[in-house]
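Count along the sequence shown starting at 1, add 166, and that's the number in my numbering.
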Amino acid sequence: MLRPEEREQIIRDLARGTPLAQISRKLGRSLGTIYKYKILHERKGVLVSSERKVSQKIVPFEEAISLHIKRGETNVARIFQHLRKDGYRGSYPLLNTYIRGTAQHGLKKSYPRSIRIETEPGEQAQVDWGSFGTLRINGRKEKLYAFVYVLSYSRAIYVEFVVRQNQRILQNCHIHAFTELGIPKTILYDNMKTVVLGRKKLSNGDKQILWNPTFQDFARFYGFKPMACPPYWPRAKGKVEAGVKYLRNNHAAKNLFKKDFFSLEQLNKEAKIWLDGEANQRKHGTTKEQPRRLWKKEKPFLTFPIGEAYNPSPLLHRHSTKDGLIQYKSVFYSVPMDYAQKKLFMRESIHHGLPTLEIYDRHQLIAHHEVSFKRGEWVVDTAHMAKRKSELVKEMKQKPTGLASLVVMSRDLDYYNRTV
């Protein structure tokens, strides 16, 4: 049986017009297997039967073109300029025809006509990831993703940029979305492994969803029921698909890649401004209402997080040193000097997709640092050491220094008269 990534590669190659024999050699699969999947996907409507031919002048640059488009770049003239610098020798009309045709060919999906289903207030939300190229954070090149959460009734949207898509980050993004917009009865997902491990075929021919037990525990904690889309049917969560597209074509296209460097904090601050000022205030194309206005009607039917947030990470205890340092995985982290030589608690969490060490005195958060992976390093917040530095300066001023601190031995002059 082919792996999912192999099936996706076959679809991409067939869409580009790659000969079946070439696909067979590249994947190491038999020609009959490739042909079988070609027919299967054509019957499902995933591929159009007429194959699209791609110019040999375009082929070496398909990946670069795809990356530009994923980043939200839709200006063909600008893409043309970038490709010319990389060695592209084809014409502008050839590139323009290829880019404009990408939306109509390639991985074109053909679906039967469907009826839009509208849900009641507080009934459902939909979640999806969007990919937004790469950026550098602290000198490291990271892939950038957007977590998108849409309430199906009001179309109120929450967005958070991260650099990972693992379980802990997915949960943290949910918690932030719940705090901002609320928790519905059900949340709809595609078949991401952090939510759905697979499907088990039953004796009656039906398929049972195998939920990720870690995520299922998270869902029980917050009281919502996860639901999964049918395989190969992304339109089942069309509301969040539209949300990802809206984010890509509006906020991302205008702001995301206009500067050389962004921190995740800055990206998410700007996303929050866009959400509050535009995305949730605009007149929605389907509902003809402002999402924020409909959300106010939906709010009474939603629940909101109460008490301490769900966190599967265990609390560890450490004793801080007299210098206000605490050790974690062979790295030293600073705490405010008021908490020197005390028993403290720590927990590793995720902040915008980056591992963060949170340090507590009982239930009070007193410090947080980005986790370092350099053994023996000191990660110090200068604000923590400011008080200690001022105390040392004060002590130095009070103590006499140099010759003034020496004790000089002296004798009365009569001593010498007696010895003569």
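Just so you know, even glycine gets a beta-carbon here, dropped at the ideal spot from N, CA and C. Note that the structure is a prediction, hence the values are computed from the model and not measured.
In chain order, what residues of the same chain lie with their CB nearer than 6 angstroms to the CB of F387, ignoring the 5 residues before and after it?
-> Y476
Whose C-alpha, out of D372, R365, E346 and S232, is nearest the C-alpha of N378?
-> R365
For my contact list, I224 and Y258 are in at a C-beta cut-off of 8 angstroms; report their separation, rounded to the angstrom.
-> I224 to Y258, Cβ: 12 angstroms. No contact.
Determine the burial state of Q530: buried for a count of at least 16 other Cβ atoms within 10 Å of its Cβ, exposed for fewer.
-> exposed
With DSSP run on the structure shown, which of helix, strand or coil describes F498?
-> strand
Give me the Cα-Cα distance between A418 and L441, rounded to the nearest whole angstrom.
-> 12 angstroms
Specify whether the region 503 to 514 and the region 456 to 476 touch according to this definition: at least 3 beta carbon pairs, one from each stretch, less than 8 angstroms apart.
-> no
Inter-residue spacing [alpha-carbon to alpha-carbon] between E172 and R178 = 10 angstroms
Does the separation of the CB atoms of K403 and L482 fall below 8 angstroms?
-> no
Whole-angstrom distance between N446 and H534, CA atom to CA atom | 32 angstroms
Whole-angstrom C-beta distance between T380 and Q333, which should lie under 8 angstroms | 6 angstroms
Would you mind working out which of Y315, K367, A437 and H340 sits nearest G409, comparing C-alpha positions?
-> Y315
Proximity winner among M551, I176, Y499 and K438, relative to R588 (alpha-carbon distances) | Past the boundaries of the shown model lies residue 588; the chain is included only from 167 to 586, so the question cannot be answered.
Among A230, V325 and D294, the one whose alpha carbon lies nearest that of N357 = D294
With D252 as the anchor, note down where its beta strand (DSSP E) starts and where it stops.
-> D252 -> no beta strand (DSSP E), and no H or E assigned at all.
Using the Cα positions of L368 and L301, report the straight-line distance between them to the nearest angstrom.
-> 45 angstroms
Anticipated Cβ contact below 8 angstroms, L197 with A187, distance rounded | 6 angstroms
Whole runs of the beta strand (DSSP E) within the region 305 to 356, excluding any shorter than 3 residues | 306 to 317, 323 to 328 and 352 to 355
Sorted by chain position, which residues of the same chain lie with C-beta nearer than 7 angstroms to I231's C-beta, five sequence neighbours on each side aside?
-> I245 and I265
Completely contained beta strand (DSSP E) runs for the region 511 to 541, where each covers 3 or more residues = 520 to 527 and 530 to 536
Cβ neighbours of H485 in the same chain (closer than 6 angstroms, five flanking residues each side left out) | K509
Assign T285 to one of three DSSP states: helix, strand, or coil.
-> coil
Cα-Cα separation between N370 and I205, rounded to whole angstroms = 27 angstroms
If I349 and V362 are in contact, beta carbons under 8 angstroms, what's the gap, nearest whole angstrom?
-> So it is not a contact: roughly 20 angstroms between Cβ atoms.
Contact set for L317: own chain, Cβ-Cβ below 7 angstroms, skip 5 residues either direction = A291, L347, P350, W461 and E464
Taking DSSP as the reference, what is the three-state secondary structure of K449?
-> coil
Taking the continuous alpha helix (DSSP H) assigned at P457, which residues delimit it?
-> P457 to E464
Starting from V362 and walking both ways along the beta strand (DSSP E), at which residues does that stretch end?
-> V362 to K367
If you drop the 5 nearest sequence neighbours on each side, which residues of the same chain put their C-beta closer than 6 angstroms to that of Y324?
-> Y315, A343, E346 and L347
Taking the alpha-carbon positions, what's the R250 to F227 distance?
-> 10 angstroms
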